[in-house]
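J.: Residue 448 in the UniProt record's numbering sits at position 448 of the sequence shown; the count goes up by one each step and never skips.
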Amino acid sequence: MLKKKILLLVLSALVLIGGCFSYILAVGDTYTYSLWANDSGKIQNVQVNIDDENVLKVDKIRDKEILFKSVNKGTTMVTVNYDLINKGDKTPMTEMFEEHTTGFGTVINKSHFDFNGYFAIIISAFIYLLIVFAIVIQSTKASFKENWYSYKNMVYIGLIIFLILLMLIFGVQCGIYFNTSSNFGLMNFISNIMSSGQYVMFSLVPLLSILFLLISVSNVVLIFREGKSVKNILGVILGIVFIVAAFLSRLTDIVYNNYSSEKMLYATTLLGGFISYMVVYFDCVFLGSCICSLMASFRKPHYDRDYIIILGCGLRKDGSLLPLLKGRVDSAISFVKKQKELTKKNCVFVPSGGQGNDEIIAEGDAMKNYLLQQGVDENDIMVENKSTTTLENMQFSKKLIDEKNPNAKVAFSTTRYHLFRSGMYATTAGLNAIGVGSKTKWYFWPNAFLREFVGVIVAKIKYHIVTAGILFLINVLLVGASALIKFL
């Protein structure tokens, strides 16, 4: 399936490039130049002087426009003199620009990299974005259908948001083109597309600042309630990373303004554009991780489960349940109770958790004691008390369940912010299980989002490297297209 998608993208690119090339060859032997003063008043007495008429000639002069026709390959200066009539006043005007005729007969305005038919390139690029968008949408649907709990889904959701932003940027630039009567040019379009990355990045700064402020507050609460650890200061760390990245993007402009040169222009434009779009991309992946985590918290299993695994998470010194773990058990009890009311089907509890070094009893056994206190029949409890991690919770519980019923329908109970990650571990263990979420304190949520974001970065690092490579290549192509005019 992946090979087919890559083949489709390659073939689409070749068809669109071929179509653009053919169209530009068909219409590019003429060039329509719009006088800059064409919106300011009436234009009279237009005179055109071409330095080398073996390169270019005037085909016709019409309403505020000059139509040039290619003759031979070469470059020539063009001077246009005319009178601008505005409110009865006549002002002499002069415009000078450089025109180049390629070996294919295409006439190019070197000042703006403007030529007849260049808009076909923009339309083709937009069509290609739509094709990529359609493939990502289809891949997202297939991915969710195959495995609901997957970091790949977070990447896909982030890509969808990112592609929507790109298409909006393209749409805005196309609107500018259609509403600009002067010579907008491909170079201006490319420049605006590249700078749009910075616009989007800085437009997200207020939202991200508020978000990271809230996350930092939650980190402080976590530190006071849960103790100091790297995972409890993720918000502060990532906030600093994004601020530094935004500053680096802005720094490229500062460097160019102070050390202006043609080479520096291309280098800073390339670096600034790449950093901006990478920051925007990771912003989108972060949003994707938040969306997937929230979706997981609202997803409910059908009331047809045979077993429900309860994931352990620590005990008090006396072996009783901490509020967080108690919430998970209560959530499982509530689910089973409702299932019995609606379908009359019984469901076996699988409290899962081993004994930590600082615990007097295994978490699975402690949860069993609590279940018995809540009136659950001992025959409806199957304890797993050897696991030390969430993955082992799933693996060891699956082994017990398979011994009783290999085709059992399984649910698992955990804290809401932990649902998505637990679902991934269930998939890794070979369990097709759906999570039930218990109530969660507010200060856990922001850090949970960040943990999933860091998780998706680490787990799918190859995806992000490929994306970074593609974005860098796109920026190289855009900068290269801007520089191409210098070598024609």
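Positions of the beta carbon are idealized from the N, C-alpha and C atoms, including for glycine. Predicted, not measured: the structure shown is a model, and the values here were computed from it.
(1) Could you say which of N385, T388, F349 and P406 lies nearest to E378 if we only look at CA atoms?
(2) Quick one: what does DSSP say M93 is sitting in, helix, strand or coil?
(3) With DSSP run on the structure shown, which of helix, strand or coil describes E452?
(4) Is V55 helix, strand or coil by DSSP?
(5) Can you list, in chain order, the residues of its chain with a C-beta nearer than 6 angstroms to that of F472? Leave out the 5 residues immediately preceding and following it.
(6) What separation, rounded to the nearest whole angstrom, lies between the Cα atoms of K317 and T414?
(7) Could you give the first and the last residue of the continuous beta strand (DSSP E) run that contains N42?
(8) Nearest to D330 by alpha carbon, out of V436, V55 and Q44?
(9) So for T106, helix, strand or coil by DSSP?
(10) What's the C-alpha gap between K64 and F453?
(11) Can you tell me whether N49 is buried or exposed, with buried defined as 16 or more other CB within 10 angstroms of its CB?
(12) If you run the structure through DSSP and keep just helix, strand and coil, what is E98?
(13) Could you pull out every residue in the same chain whose Cβ sits closer than 6 angstroms to the Cβ of M154, ignoring the five residues on either side in sequence?
(14) For G103, which residues of its own chain have a beta-carbon under 8 angstroms away from its beta-carbon, when the five flanking residues on both sides are left out?
(15) Taking DSSP as the reference, what is the three-state secondary structure of N81?
(16) What does DSSP give as the partner residues of Y151 in its beta bridges?
(17) Have a look at V285, I61 and N432 and flag the residue whose alpha-carbon is nearest the alpha-carbon of I468.
(18) In terms of residues, what are the limits of the beta strand (DSSP E) holding P351?
(19) Considering only residues of the same chain and omitting the five flanking positions on each side of E359, which have a CB-CB separation below 6 angstroms?
(20) For the stretch 369-383 against the stretch 410-425, do three or more pairs of beta-carbon atoms, one drawn from each stretch, fall closer than 8 angstroms, so that the two count as touching?
(21) In three-state terms, what does DSSP make of F68?
(22) Mind checking P446: buried by the 16 CB within 10 Å criterion, or exposed?
(23) Kindly indicate the opening and closing residues of the alpha helix (DSSP H) around L419.
(24) Sort out for me which residues DSSP pairs N86 with in a bridge.
(25) For the alpha helix (DSSP H) that I123 lies in, which residues bound it at each end?
(26) According to DSSP, S334 sits in a beta bridge with which residue or residues?
(27) From the DSSP output, read off the bridge partner residues of F412.
(28) Would you tell me roughly how many angstroms separate the C-alpha atoms of Y307 and L371, rounded to the nearest one?
(29) Do the stretch 75-85 and the stretch 93-102 touch if we need at least three Cβ pairs shorter than 8 angstroms?
(30) Excluding the five sequence neighbours on either side, which residues of its own chain have a C-beta within less than 6 angstroms of the C-beta of V336, listed in chain order?
(31) Since I believe A429 is in contact with M394 (beta carbons under 8 angstroms), could you give me their beta-carbon distance rounded to a whole number of angstroms?
(32) What distance in whole Å lies between the Cβ atoms of I17 and G117, which are believed to be in contact at a cut-off of 8 angstroms?
(33) If residue 494 sits next to M278, beta carbons under 8 angstroms apart, how far is it from one beta carbon to the other, in whole angstroms?
(34) What whole-angstrom Cβ distance do L84 and I43 have, given they're in contact under 8 angstroms?
T.: Result, derived from the coordinates:
(1) Taking the first residue of the sequence shown as position 1, residue 378 is located at position 378. Ranking N385, T388, F349 and P406 by CA distance to the CA of E378 puts F349 first.
(2) Reading the sequence shown from its first residue, position 93 is the one you call residue 93. Reduced to three states, the DSSP call for M93 is strand.
(3) The sequence position of residue 452 within the sequence shown is 452, counting from 1. E452 falls in the helix class under three-state DSSP.
(4) Translated into the one-based positions of the sequence shown, residue 55 becomes position 55. Coil, per DSSP.
(5) For this step, residue 472 is matched to residue 472 along the sequence shown. In its chain, beyond the 5 residues on either side, F274 have a beta carbon closer than 6 angstroms to the beta carbon of F472.
(6) Along the sequence shown, read from residue 1 onward, the residue named residue 317 stands at position 317. Along the sequence shown, read from residue 1 onward, the residue named residue 414 stands at position 414. The alpha-carbon atoms of K317 and T414 are separated by roughly 21 angstroms.
(7) Your numbering for residue 42 matches position 42 in the sequence shown. Looking at the sequence itself, residue 42 is Lys, so the reference to Asn does not match. Where K42 is concerned, the enclosing beta strand (DSSP E) stretches over K42 to I50.
(8) Within the sequence shown, residue 330 is the residue found at index 330, counting from 1. Ranked by Cα distance from D330, the options V436, V55 and Q44 are led by V436.
(9) Translated into positions along the sequence shown, residue 106 becomes position 106. Here T106 sits in coil by DSSP.
(10) Taking the sequence shown and counting its residues from 1, one reaches residue 64 at position 64. Taking the sequence shown and counting its residues from 1, one reaches residue 453 at position 453. The alpha-carbon of K64 is positioned some 55 angstroms away from that of F453.
(11) Along the sequence shown, read from residue 1 onward, the residue named residue 49 stands at position 49. So N49 ends up on the exposed side.
(12) Within the sequence shown, residue 98 is the residue found at index 98, counting from 1. In this structure, E98 counts as strand in the three-state DSSP scheme.
(13) Here the question's residue 154 lines up with position 154 in the sequence shown. Spatial neighbours of M154 in its own chain (CB-CB distance under 6 angstroms, excluding positions within 5 residues in sequence) are listed in chain order as G288, S289, C292 and V456.
(14) Reading the sequence shown from its first residue, position 103 is the one you call residue 103. K73.
(15) The residue you call residue 81 lines up with position 81 of the sequence shown. It is a strand residue.
(16) Counting from 1 along the sequence shown, the entry for residue 151 is found at position 151. The beta-bridge partner set that DSSP reports for Y151 is empty.
(17) On the sequence shown, residue 468 is found 468 positions in, with the first residue counted as 1. Reading the sequence as shown, one finds Ala at residue 468 and not Ile. Checked all of V285, I61 and N432; the closest Cα to A468 is V285.
(18) For this step, residue 351 is matched to residue 351 along the sequence shown. First-last of the beta strand (DSSP E) with P351: V348 to S352.
(19) Counting from 1 along the sequence shown, the entry for residue 359 is found at position 359. Only L315 meet the Cβ criterion.
(20) Here the stretch 369-383 does not lie against the stretch 410-425, with fewer than 3 beta-carbon pairs under 8 angstroms apart.
(21) The residue you call residue 68 lines up with position 68 of the sequence shown. DSSP places F68 in strand when its eight states are reduced to three.
(22) Counting from one through the sequence shown, the residue named residue 446 turns up at place 446. When all chains shown are included, P446 counts as buried.
(23) By one-based count along the sequence shown, residue 419 stands at place 419. Residues L419 to T428.
(24) Within the sequence shown, the letter at position 86 stands for residue 86. For N86, which the question treats as bridged, DSSP gives the partners D89.
(25) Along the sequence shown, one-based indexing puts residue 123 at 123. I123 -> alpha helix (DSSP H) spans F119 to E146.
(26) By 1-based counting over the sequence shown, the position of residue 334 is 334. Paired residue(s): none; S334 is not in a bridge.
(27) The residue you call residue 412 lines up with position 412 of the sequence shown. According to DSSP, F412 bridges with I309 and G435.
(28) Looking up residue 307 in the sequence shown gives position 307. Looking up residue 371 in the sequence shown gives position 371. Approximately 15 angstroms between the Cα atoms of the pair.
(29) Cβ pair count under 8 angstroms is three or more, so yes.
(30) Within the sequence shown, residue 336 is the residue found at index 336, counting from 1. Taken in chain order, the residues that qualify are C347.
(31) Residue numbering aside, residue 394 sits at position 394 when the sequence shown is read from its first letter. Residue numbering aside, residue 429 sits at position 429 when the sequence shown is read from its first letter. Rounded, the Cβ-Cβ distance is 4 angstroms, consistent with contact.
(32) Taking the first residue of the sequence shown as position 1, residue 117 is located at position 117. Taking the first residue of the sequence shown as position 1, residue 17 is located at position 17. Approximately 13 angstroms separates the beta-carbon atoms of G117 and I17; this is outside 8 angstroms, ruling out the contact.
(33) Since the first and last residues shown for the chain are 1 and 488, residue 494 lies out of range.
(34) One-based indexing of the sequence shown puts residue 84 at position 84. One-based indexing of the sequence shown puts residue 43 at position 43. Their Cβ separation, rounded to whole angstroms, is 6 angstroms, which keeps L84 and I43 in contact under 8 angstroms.
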